[in-house]
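Following: one structure in structure tokens, then a few remarks.
Protein chains: 4
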Amino acid sequence: MIKVAVVGASGYTGIELLRILHGHPEVEVTCVTSERSAGKSVAEIFPSVRDRYSLVLERLEPVRVAEKADFIFTALPHQAAMEVVPSFLKLGKKVVDLSADYRFRSPDVYASWYQPHLNPEVLRTSVYGLPEIRRDSVSDAFLVGNPGCYPTSIILGLAPLLRNGMVDHTSLIADSKSAVSGAGRGAKVDTLFCEVNEGFKAYGVAVHRHTPEIEQELSLLAGESVTISFTPHLVPMDRGILSTLYGRLAEEVSTTRLLEVYREFYRGEKFVRILPEGLYPSTSHVRGSNFCDIGLVVDQRTGRVVVVSAIDNLIKGASGQAVQNMNIMNGFPETMGLDALPLFP
Amino acid sequence: MIKVAVVGASGYTGIELLRILHGHPEVEVTCVTSERSAGKSVAEIFPSVRDRYSLVLERLEPVRVAEKADFIFTALPHQAAMEVVPSFLKLGKKVVDLSADYRFRSPDVYASWYQPHLNPEVLRTSVYGLPEIRRDSVSDAFLVGNPGCYPTSIILGLAPLLRNGMVDHTSLIADSKSAVSGAGRGAKVDTLFCEVNEGFKAYGVAVHRHTPEIEQELSLLAGESVTISFTPHLVPMDRGILSTLYGRLAEEVSTTRLLEVYREFYRGEKFVRILPEGLYPSTSHVRGSNFCDIGLVVDQRTGRVVVVSAIDNLIKGASGQAVQNMNIMNGFPETMGLDALPLFP
Amino acid sequence: MIKVAVVGASGYTGIELLRILHGHPEVEVTCVTSERSAGKSVAEIFPSVRDRYSLVLERLEPVRVAEKADFIFTALPHQAAMEVVPSFLKLGKKVVDLSADYRFRSPDVYASWYQPHLNPEVLRTSVYGLPEIRRDSVSDAFLVGNPGCYPTSIILGLAPLLRNGMVDHTSLIADSKSAVSGAGRGAKVDTLFCEVNEGFKAYGVAVHRHTPEIEQELSLLAGESVTISFTPHLVPMDRGILSTLYGRLAEEVSTTRLLEVYREFYRGEKFVRILPEGLYPSTSHVRGSNFCDIGLVVDQRTGRVVVVSAIDNLIKGASGQAVQNMNIMNGFPETMGLDALPLFP
Amino acid sequence: MIKVAVVGASGYTGIELLRILHGHPEVEVTCVTSERSAGKSVAEIFPSVRDRYSLVLERLEPVRVAEKADFIFTALPHQAAMEVVPSFLKLGKKVVDLSADYRFRSPDVYASWYQPHLNPEVLRTSVYGLPEIRRDSVSDAFLVGNPGCYPTSIILGLAPLLRNGMVDHTSLIADSKSAVSGAGRGAKVDTLFCEVNEGFKAYGVAVHRHTPEIEQELSLLAGESVTISFTPHLVPMDRGILSTLYGRLAEEVSTTRLLEVYREFYRGEKFVRILPEGLYPSTSHVRGSNFCDIGLVVDQRTGRVVVVSAIDNLIKGASGQAVQNMNIMNGFPETMGLDALPLFP
């Protein structure tokens, strides 16, 4: 049994951590923080947990948090995260950070898409926490940079192609569609119900900050520099990301054979499901679970492969993956607390 | 560990039973049946459970089912249920039936709203499975008639008033709003996305078949005959029922005092949450859980009490309550497999 | 051809006025104001009207507005409206005000639910603009207080019963359900997509500010004081209000006969549709139109009538009705610019 | 004033034709047919038009239809359309056909994606009715094959690039997302509310029947054979298609310059809106209108252009475009009956 803190608990990834950890047999949540809502009980800002959580949100003081908890999730905005994570590490705590602050190998890349990094030496010790690609590093890590939601769906969808050199690196396109919860719980006109409902749109075309994170990981998988066109879209629904991925095949291959390659690549993985030929994933079949579902087809007419991947953006794309990393870092079974089936419908 | 069958597993209450039972530590699902989909794997009709269920749907043959399972959930349409439930009982199995067939004390009432009952002597042995009202009977039962979704939300909302004689029995109105999953998985124009989305409507006004079930239980609580006006509505969402309940108070009472009466009535109940004064429930705060949330206010201007209750229609209104009954009937802790927090958002 | 100003054009009722007036053959919109968005073009804040409106939003200066326009719609928050409406009247302009500021006969009632009225003498000259009830007064008015969305649906639904003395005045209950656009375009957490979607809830139970407006008009129809229990709810959809109205019948009457009473009461009305027996309205069948659809049933079991009415809250519940009033005040055909059929689906 | 028949009026494109034509000053709808619903009034199957249409649906008998109408819209499934269209032509009527049956230049292409064509000689006389590309041919046509919804959004989005030879023809990808109304009004499990809501998915990947239609028109624009990867997706909303289009630029060009090319190409078009740099369309800003909104960006990092186009699938993607063609074929102003602004929200 470990004591866990959720730093920055008033957003959607925060409440999702609390929800998942409530069902985790080896975890007790002992501390939650929020600047906006300090002094309020968790149930005041998230009525869904009434009678199950009695914790009161505190202002963030790293030393106090560290006194109460063995393991820390930071669910803060970028910049805010790197201001406090080093303190937790110094106090001997392991951390999974859900912001962008510890996802990059290169402080320069981080600086060019975000702002200058405050502690590049800490950044260097962090591990990109996509367990299906980098489980061993995660198990030894003190600090894990939890992947972004879009990157998770895209990297898992393309990894077998790149690792096996089956696709032209200059041909990659990721057309991704995200539910609205990815935009957070801040009060903004853009995410009001009436602005979003019946409104499907693209945004951040060719300039979204998840691009360098995707390219970093794809390049590592490919063993050489990879660029990608990435277009995010907003779907009028609560949860889910579906990415449609295009690439020109480097060699001829059948759909059947490529599905075997994918099954082989993900053999033994509990959270990746490769669908049978002719089937494609839907966000409604992964919602509420830590699954990533993948379907694909080789289009002989155009010489392209089309891969479709789906996750719950708040679980495999955020809080579920964070708990998966926590499990690995603590030697718990990787699926502990994460074995709920999708909620359908 | 008991072996469980889900008879009629291809609808929304069927998949919800499978989802919940997957996380139940004392249950193994060993048999699933469906006439429509016999021969298909569960994952073919519900891709959400892929890789976690490998069962194949069978045609319903009671003897075969009874060979495979110790405990049986029947999630069949009314009429179809009473055609097979007696066989299971004769074979020594306990049953929770999710249809309307075993919810009524009087075969005549059943006959006047449905059709003649096929086995009134079996009906007489069944228990109406609303544990918060009738836990002791459930624990001794061999056959439980699992309550309807609307009745669950309405009876739980009004029980403290009626048991305590605080409301005029001729003044009761239940204005209920249900998500679309309550209409089932059959292919009908009326529940197509484009017919329902942006379309809020009433249906079955003054003639809905849940009326006699509600009046039966309210009358038992009141100790005399109670009638109610019941209006169901359809809400463009997947899950949830919210009932707004009106009654003229028999005596003057403050909101504060009435909330105490409710808290006292439901003391110790794990699945009923009485909200603080000034707060009202939302379906989004119970979705994915077995909770029933209740808020209320006394309107001094009109002498009425307004009670608002919310449940997830597929869980506390169907499959969750069925598992709760199964737990009681088998001596398991009542919350076993049912302690998931609501999925918000 | 008249010149029209929309004062307070940056909210949902503002854009809806612009949309409707674009199709009105006797109107040219010559002036739009918004404090928040002054200096921006209309298309910048409402991309839907790009290439059809080239107006730039101005700060509100009554004299300048009056120079540009013959007729004025004020779509401001209450309080803000009564600060400027008298200026427009003094400058000889006719006004339809969409706020609550000019809907009440009694400044005291207004004061007890809102704040002290700034110009009760102006209030006294205003007409409550529900044309189906008070067409003659509207045609002579210089100032019309445009009805609230909930009151429109409730008053139209109950008027024939009250005018004909067919219902017990102490028994009335209005259970109303509104789409989210009724909550406006302000940035608030409560109306974010993820807070509202899959979340049906009640709010303002027994304390909503539309209550006195409803009671004022019902009392005038009944010829004596009427109180009502009014419960508003929020539905996860863009547009529509559906009100379910309950009353105890003063005398026995059949559904068929009562429908005749309703048809007689609304004979000749272009925007009220009384549905055939057994049918009830849906918000999806009035969306995008100025219709109010009404269905009803007499429940012999309980001695109650249940009336269900549906409108598009932004049209018959706000901007459409405002244009209907403008038509009457200017001697245009009442349906001019308002004859679009509902957008289904 | 012309008399118009809508053949196959019981689907979503049928009701949309009736809705639009109700507001058309030069049209009277005199005949509606439906095999399924013959004998019912239009209001029985579409309550939204109650009191505005009193027509009764008839079985389809071409001679009777031709006696009643001067101009005919056929909104039938493919195959059913080509069984009757020649009869109407022989009887001297002009026809806009909304099925796929008269969209192809080559009967062989039609045969390989659908079935053998019943009257290839009639097919040869038909005109592909995308007015922005082929207005002159439409004005002389007796038979117009109304474009598919996906093709409309894709061809309008790519036309300026192909006509001007600015893009590599082997690099084109169309990732399209459609609302559910595109799937029609038939009772199918796949389009039930609970199957679609919160469920975003791809379907028909690399095999959708709109592919050859898109390639035919793109090839004509390019002057040589063009292939494209086309992936349709289903969005949980009523109306709208958004297509995200990718191509590798043949030459270097700035976003600003490319937007000028688009504005020049569509100069004078009333229904195509090219958005300012940095803005992208949303389906919610075209819903209920005949607009096609287009935004784009040149991604210098990858050498690709990304074009985003949005339409209302039932209007510019079907019934609105059909009326636009009818206007041209009859010498009416092209925007007649089609000038409604989008319904937002």
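Protein chains in written order, with our numbering: chain A, 5 to 349; chain B, 5 to 349; chain C, 5 to 349; chain D, 5 to 349.
For each residue, glycine too, the CB sits at the ideal point set by N, CA and C.
Compute the distance between the beta-carbons of residue i and residue j, then report whether it is under 9 Å.
{"i": "B:Lys7", "j": "B:Val33", "result": "yes"}
{"i": "B:Ala13", "j": "B:Ala79", "result": "yes"}
{"i": "A:Ile352", "j": "A:Leu249", "result": "With chain A represented from 5 up to 349, any question about residue 352 of chain A goes unanswered, as that position is not in the structure."}
{"i": "C:Leu238", "j": "C:Val184", "result": "yes"}
{"i": "D:Val312", "j": "D:Leu262", "result": "no"}
{"i": "C:Ser293", "j": "C:Leu345", "result": "yes"}
{"i": "B:Ile76", "j": "B:Val69", "result": "yes"}
{"i": "A:Gly149", "j": "A:Ala104", "result": "yes"}
{"i": "A:Ser288", "j": "A:Asp179", "result": "no"}
{"i": "B:Ser52", "j": "B:Lys44", "result": "no"}
{"i": "B:Arg56", "j": "B:His26", "result": "yes"}
{"i": "B:Gly307", "j": "B:Ile24", "result": "no"}
{"i": "C:Phe146", "j": "A:Val200", "result": "no"}
{"i": "B:Gln328", "j": "B:Thr339", "result": "yes"}
{"i": "D:Phe348", "j": "C:Phe348", "result": "no"}
{"i": "B:Thr195", "j": "B:Ala206", "result": "no"}
{"i": "C:Arg291", "j": "C:Arg213", "result": "no"}
{"i": "B:Met241", "j": "C:Phe204", "result": "yes"}
{"i": "B:Ile298", "j": "B:Tyr154", "result": "no"}
{"i": "C:Arg305", "j": "B:Ala210", "result": "yes"}
{"i": "C:Ser143", "j": "C:Gly272", "result": "no"}
{"i": "A:Leu61", "j": "A:Ser41", "result": "yes"}
Quick one: is residue i buried, meaning 16 or more other Cβ sit within 10 Å of its Cβ, or exposed?
{"i": "A:Ser229", "result": "exposed"}
{"i": "C:Pro337", "result": "exposed"}
{"i": "C:Val89", "result": "buried"}
{"i": "C:Arg128", "result": "exposed"}
{"i": "D:Met3", "result": "Given that chain D is displayed from residue 5 to residue 349, the structure contains no residue 3 of chain D and the question cannot be resolved."}
{"i": "C:Ala9", "result": "buried"}
{"i": "B:Ala73", "result": "buried"}
{"i": "A:Pro280", "result": "exposed"}
{"i": "C:Glu125", "result": "exposed"}
{"i": "B:Asp101", "result": "buried"}
{"i": "C:Lys94", "result": "exposed"}
From the DSSP output, in three-state form, read off residue i for me.
{"i": "C:Pro135", "result": "helix"}
{"i": "D:Val209", "result": "coil"}
{"i": "D:Asp112", "result": "helix"}
{"i": "B:Ala344", "result": "coil"}
{"i": "B:Gly149", "result": "strand"}
{"i": "D:Ser247", "result": "strand"}
{"i": "C:Ala104", "result": "coil"}
{"i": "B:Thr156", "result": "helix"}
Thinking residue i and residue j are a contact (beta carbons under 8 Å), I'd like their distance in whole angstroms, please.
{"i": "B:Gln367", "j": "B:Arg109", "result": "Outside the shown range of chain B, which is 5 to 349, sits residue 367 of chain B, and nothing can be said about it."}
{"i": "C:Ile141", "j": "C:Val131", "result": "For the sequence presented, residue 141 of chain C should be read as Ser rather than Ile. Contact flag correct, Cβ pair sits at about 4 Å."}
{"i": "B:Leu225", "j": "B:Ile232", "result": "With a Cβ gap of about 12 Å, B:Leu225 and B:Ile232 do not count as contacting."}
{"i": "B:Lys320", "j": "B:Thr156", "result": "6 Å"}
{"i": "C:Pro151", "j": "C:Arg107", "result": "7 Å"}
Original post:
Quick one: complete beta strand (DSSP E) runs, 3+ long, within the region 251 to 316 of chain B?
Top reply: Taking only runs of at least 3 residues, the beta strand (DSSP E) segments lying wholly in the region 251 to 316 of chain B are 276 to 278, 296 to 303, 308 to 315.
Original post:
Residue ranges of each alpha helix (DSSP H) run of no fewer than 4 residues wholly in the region 180 to 232 of chain D, ordered along the chain?
Top reply: You should have 197 to 200, 214 to 226.
Subject >> Completely contained beta strand (DSSP E) runs for the region 7 to 88 of chain C, where each covers 3 or more residues >> reply: Complete beta strand (DSSP E) runs here, min 3: 31 to 37, 75 to 78.
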